[in-house]
Amino acid sequence: MSGKIVLIDGHSILNRAFYGLPDLTASGGRHTGAVYGFLNILFKILEEEQPDYLTVAFDTHAPTFRHKMYEAYKGTRHPMPEELREQVPLTQEVLKAMGVPIVMKEGFEADDILGTLSVKAEREGLDVSVVSGDRDLLQLATEKVLIRIPRTKAGKTEITDYHAGDVEEAYGLTPPQIVELKALMGDTADNIPGVPGIGIKTATKILKEYGTVENAYAHVENIRPQKAMTALRDHYDSALLSEKLAKINTDSPVELDLEKARLENLFTPEAYEMFRDLGFKKLLTRFEADPAAEKRVVEVRTVTGLQEADALLKKAAGTDRAGLYLLQQTDRKSGKCRVYGLGLSLPDQKGGVGGTYYIPAGGFVTENLLLDAVRRIAGECPLLCTFGFKEMVRAAELPESAEGSVFDIKIAAYLLDPLTSDYSFDTIAKDCGTERVLSAEEIFQSKKIPLPEQMEEDKAAVYAGETAFTALAAQPLLERKLEENGMLALFRGMEMPLVYVLADMERAGIRVLPEELEQYGNRLTEGIRQVEASVYEQAGETFNINSPKQLGEILFEKMKLPGGKKTKTGYSTAADVLEKLAPEAPIVRDILEYRQLTKLKSTYADGLASFIADDGRIHSVFHQTITATGRISSTDPNLQNIPVRMELGRQIRKVFLPAEGFVFLDADYSQIELRVLAHLSGDRKLIDAYKMEKDIHAITASQVFHVPFDQVTPLQRRNAKAVNFGIVYGISSFGLAEDLGISRKEAAEYIEQYYQTYPGIRSFLEGLVTSAREKGYSETMYGRRRPMPELKSSNFMQRQFGERVAKNAPIQGTAADIIKIAMIRVNRRLKQEKLRSRLILQVHDELLLETAKDELETVSRILEEEMTGAAKLAVRLEIDMHTGNSWYEAK
DNA sequence: TCGCTGAGA
DNA sequence: GCTTGTCTCAGCGAT
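Heads up, the first sequence is in our numbering, so the first residue is 12 and it goes up one at a time.
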């Protein structure tokens with residue numbers, strides 16, 4: 012018999028993969044990095060070797076004979092981290108799905124199994140490759156048995172191969188002598204004692220001369236270095252024990268089943284499903300080459316004729332479900348929207364997908380015709396399935412339709428797993444196990460998706476068509492999952508209605524005066540010039556102050572300021588560090604001022620100017636699928652971090668103005684997160700504190716520091732305020748100390764006193780951690796989830812992080828939910844009452860409205876009612892409202 | 001592309 | 001002994 016078999020040391024390779032690769036987590040927080048690495052090594056070896064047979068050996072969980080022996084001798088092995096442990100059964104499942112036999116035997120280690128199988132295979136006349144990270148296995152090498160040891164080097168796996176001859180070359184010893192070597196030198200990693208005082212050099216020398224330990228002992232008197240002689244003489248027992256420990260059993264009761272081991276198709280449908288669930292996207296591509304597992308790629312038919320297009324669009328409006336994707340592009344400057352085509356997917360009778368089409372705009376099929384069709388379908392079709400609905404709302408100016416009649420798969424995917432950043436249609440398709448679609452990368456043969464105007468029409472057709480297909484095909488599963496997770500109400504009643512509000516805000520934009528913005532920038536430039544000159548003078552040279560590297564060298568090396576390295580790459584020059592090091596040093600003051608000025612200039616003055624559109628307004632983009640906690644985010648530009656704390660920065664708000672005839676009305680929630688905490692925790696004392704309707708931080712100070720309310724000092728209030736904020740973030744004594752400039756001990760006392768004062772808070776926060784640990788996620792009042800894979804980490808720091816996040820996410824998230832509700836309700840009221848006033852911005856706990864002067868009173872009332880009434884909490888929700896002729900005045 | 005820095009809640 | 005308060009986005013320099 013001839014042929015080749017590959018034998019794999021499962022645990023050992025898994026171990027290599029675990030430590031050699033960054034930790035990956037699939038959705039749901041399962042760790043998968045080691046499995047992924049294992050498979051990569053496996054595939055690499057199979058490609059190289061093209062073997063006929065494959066078998067993987069694993070240790071059993073029960074302690075084996077050899078374990079017991081050395082554990083009895085000395086301690087235990089270091090325990091396997093939990094992240095790795097949970098991947099062992101997972102790997103076995105994957106192998107099973109691929110039809111690869113796994114051999115395990117109670118009481119025997121993988122080593123022994125590999126040894127036995129390799130001997131048996133060799134006897135059968137096979138070439139054998141044993142793959143393991145463990146050099147102990149070198150003792151198995153022969154002319155026909157190859158030992159292969161992979162190493163991960165800079166992310167790449169390199170494999171070193173040993174036949175018997177290679178072992179001799181590398182160690183100067185025959186493979187069987189490797190056992191003797193271990194017997195003498197020992198192996199701390201494996202708890203093999205060896206002979207104390209004999210290391211690899213002496214051991215090799217002795218074995219070269221005497222061949223075996225036994226023979227060496229017989230001639231012990233002749234052994235050269237005196238020390239080695241006495242060591243061997245005195246510890247011969249230990250050497251014999253070590254030999255037993257190191258010797259791999261090649262006669263274990265396991266069978267070599269070549270029928271099962273025969274390599275056939277690894278890429279089975281079962282394996283495909285597992286890879287997909289585990290998020291091994293790269294590995295999925297291996298299935299393409301295999302016709303059996305190949306899934307048909309969705310076909311998109313391009314429809315150009317007016318009549319045919321018209322018929323199709325009518326049909327879409329008439330069906331009970333339709334998948335729709337509008338390929339359009341909005342010009343940033345003009346705000347004009349161009350429509351390039353419409354992807355459309357229709358169901359079949361059985362609830363599957365019937366056909367997928369692309370209707371390009373052109374000829375008789377005008378852009379307006381397509382937009383009208385979208386409006387009609389949105390209005391008539393009972394379930395419109397989309398991907399990125401906000402863009403469609405903006406392009407077609409869709410009015411809000413009945414709850415439950417639109418389903419955005421992107422938003423659904425976000426709610427189900429808000430931690431990823433990839434909500435591309437092809438990823439959603441894979442996650443939902445629909446028919447195969449091409450990814451954007453495959454369609455355009457580039458990482459970047461081109462703008463619609465640059466797309467070739469045939470590619471645009473596939474892109475838009477498959478997106479529409481995915482929307483339709485993935486919707487049922489996504490809806491079921493939302494239902495299962497109790498998030499359907501959140502999705503239908505909050506996230507989908509919010510889409511219209513965000514679309515309105517984006518369309519509205521905010522007015523900015525370009526001339527004044529430029530003047531502001533010029534003032535900054537002047538200031539920058541002066542401070543810059545001062546810095547260079549004090550440094551004695553010119554350099555780039557914006558370069559932390561150069562700055563660090565100047566400050567800490569040339570000028571010899573106290574304080575050393577803080578970051579991986581060099582000196583930290585962050586403001587708080589500099590502040591602490593040399594608060595008095597004039598150059599530090601100047602640098603901090605320089606930083607402030609250049610930040611304002613580049614990010615705000617110049618940055619904002621580049622976004623002013625032809626209508627004199629900035630139309631920022633609001634994202635609904637970014638944050639882990641449910642907040643919305645803003646980009647291009649980010650209008651949620653416009654300066655306010657420092658006066659100079661705050662000035663920039665003077666260039667944000669309401670339209671002619673309007674004023675700004677700004678309303679922000681008063682300590683919404685703390686109120687949410689009071690509500691969720693149910694802490695009587697904190698709730699009562701809010702019922703007193705006085706300054707909450709002062710009340711806290713009074714209660715925590717045991718002083719009468721009217722004798723609370725400003726410092727006490729400030730400290731109490733910092734604790735109040737910190738609690739919400741899962742504070743540590745270190746963090747609070749840092750914040751307040753007090754000692755850790757004092758900070759710890761503050762926190763303890765706080766918990767004493769509000770006992771419900773501590774138990775509530777601890778309960779959040781426990782519950783998150785059990786369930787694997789945290790939850791807001793409205794059922795929004797945030798997965799918490801970190802809580803299961805074996806890494807202390809990661810786990811600590813997980814605990815803080817578990818405390819913060821439900822609070823921050825609930826506050827985010829509440830303001831989303833408020834936004835929806837405010838927007839609806841404005842429309843219902845046919846007001847000209849409109850929502851312009853949301854800044855997490857604040858809403859900015861452009862209000863018609865004659866509507867000021869009405870709108871104030873609406874805000875008051877809808878914002879405070881957005882949630883019914885155990886404490887009142889309160890808002891502060893201001894009007895003004897600029898954002899500066901209104902805040 | 002990554003890390004640092006700093007703006008906001 | 002080690003770490004050290006949440007969530008973001010943008011600009012810059014170094015790689």
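Here a beta-carbon is modelled for each residue, glycine too, at the ideal position from N, C-alpha and C. Remember, predicted model here, so these are calculated numbers, not experimental data.
Classification of residue i by the beta-carbon crowding that lies within 10 angstroms, buried from 16 upward
i, result
"Ala73", "Any answer about Ala73 is weak, because its pLDDT of 45 lies below 50 and its placement is not dependable; what the coordinates show is given next. With fewer than 16 Cβ atoms within 10 Å of its Cβ, Ala73 is classed as exposed."
"Lys212", "exposed"
"Glu477", "buried"
"His717", "exposed"
"Phe673", "buried"
"Glu82", "Low per-residue confidence applies at Glu82: pLDDT is 38, beneath 50, and the placement is therefore not dependable enough to give any value."
"Val886", "buried"
"Leu860", "buried"
"His893", "exposed"
"Gly363", "exposed"
"Met505", "buried"
"Gly86", "Because Gly86 sits at a pLDDT of 34, beneath the cut-off of 50, its placement in the model cannot be relied upon, and the point is left open."
"Ser754", "exposed"
"Leu323", "buried"
"Asn730", "buried"
"Phe49", "buried"
Rounded distance between the beta-carbons of residue j and residue i, thought under 8 Å
i, j, result
"Asp601", "Ser545", "5 Å"
"Leu267", "Ala132", "6 Å"
"Arg491", "Gly415", "At roughly 15 Å, the Cβ-Cβ gap does not stay under 8 Å, so Arg491 and Gly415 are not in contact."
"Leu289", "Thr578", "With 8 Å as the limit, Leu289 and Thr578 do not qualify as a contact, their Cβ atoms being about 35 Å apart."
"Gly563", "Tyr582", "3 Å"
"Ile521", "Phe667", "6 Å"
"Ala257", "Ile203", "6 Å"
"Val156", "Val139", "4 Å"
"Val309", "Glu529", "Not confirmed; about 51 Å, so no contact."
"Cys392", "Ala485", "Actually they are not in contact, since the Cβ atoms of Cys392 and Ala485 sit about 17 Å apart, beyond 8 Å."
"Thr261", "Gly126", "4 Å"
DSSP state of residue i mapped onto helix, strand, coil
i, result
"Asp268", "coil"
"Gln682", "coil"
"His708", "helix"
"Thr640", "coil"
"Met892", "strand"
"Lys842", "helix"
"Ile873", "helix"
"Asp248", "helix"
"Gly366", "strand"
beta-carbon residue i near the ligand MG non-hydrogen atom, thresh 8 Å
i, result
"Lys864", "No copy of the ligand MG appears in this structure; indeed no ligand is present at all."
**OP:** Report yes or no: do three or more beta-carbon pairs, one from the segment 275-288 and one from the segment 333-343, lie closer than 8 Å?
**Re:** no
Subject >> Three CB pairs or more closer than 8 Å across the segment 822-831 and the segment 622-642 >> reply: yes
Original post:
Fully enclosed by the segment 134-203, which beta strand (DSSP E) runs are 3 residues long or longer?
Top reply: 138-142, 156-164, 167-173
Subject >> Within the segment 40-77, ranges of the alpha helix (DSSP H) (whole runs, at least 4 residues) >> reply: 44-60
Original post:
In chain order, which beta strand (DSSP E) runs of at least 3 residues are fully inside the segment 296-364?
Top reply: 333-341, 348-358
**OP:** Decide if the segment 397-415 is in contact with the segment 361-373; the criterion is three or more beta carbon pairs, one per stretch, under 8 Å apart.
**Re:** no
Subject >> beta strand (DSSP E) runs contained entirely in the segment 736-824, provided each spans 3 or more residues >> reply: 788-790, 796-798
Original post:
At what residue ranges does the segment 414-485 contain a whole run of the beta strand (DSSP E), taking only runs of 3 or more?
Top reply: 417-419
**OP:** Determine contact between the segment 663-682 and the segment 850-870, defined as no fewer than three beta-carbon pairs at a distance below 8 Å.
**Re:** yes
Subject >> Three CB pairs or more closer than 8 Å across the segment 767-787 and the segment 795-803 >> reply: yes
**OP:** Say whether the segment 213-223 touches the segment 174-194, bearing in mind that this needs 3 or more beta-carbon pairs closer than 8 Å, one atom from each stretch.
**Re:** yes
Subject >> Segment contact, 8 Å Cβ cut-off, at least three pairs: the segment 831-840 with the segment 875-891 >> reply: yes
Original post:
Would you call the segment 14-23 and the segment 143-156 in contact, with 3 or more CB pairs under 8 Å?
Top reply: yes
Original post:
Would you call the segment 228-241 and the segment 257-274 in contact, with 3 or more CB pairs under 8 Å?
Top reply: no
Original post:
Do three or more CB pairs link the segment 343-353 to the segment 507-514 at distances below 8 Å?
Top reply: no
Original post:
Would you call the segment 895-902 and the segment 698-710 in contact, with 3 or more CB pairs under 8 Å?
Top reply: no
**OP:** Determine contact between the segment 642-662 and the segment 608-621, defined as no fewer than three beta-carbon pairs at a distance below 8 Å.
**Re:** yes
**OP:** Determine contact between the segment 93-113 and the segment 243-256, defined as no fewer than three beta-carbon pairs at a distance below 8 Å.
**Re:** no
**OP:** Could you name each continuous beta strand (DSSP E) segment of 3 residues or more that falls completely within the segment 490-576, going from the start of the chain to the end?
**Re:** 521-523
Original post:
Do the segment 480-487 and the segment 386-398 make contact, defined as three or more Cβ pairs closer than 8 Å?
Top reply: yes
**OP:** Would you be able to state if there are at least three C-beta pairs under 8 Å between the segment 311-321 and the segment 373-382?
**Re:** yes
**OP:** Count the C-beta pairs between the segment 614-623 and the segment 771-781 that are closer than 8 Å, then say yes if the count reaches three, no if not.
**Re:** no
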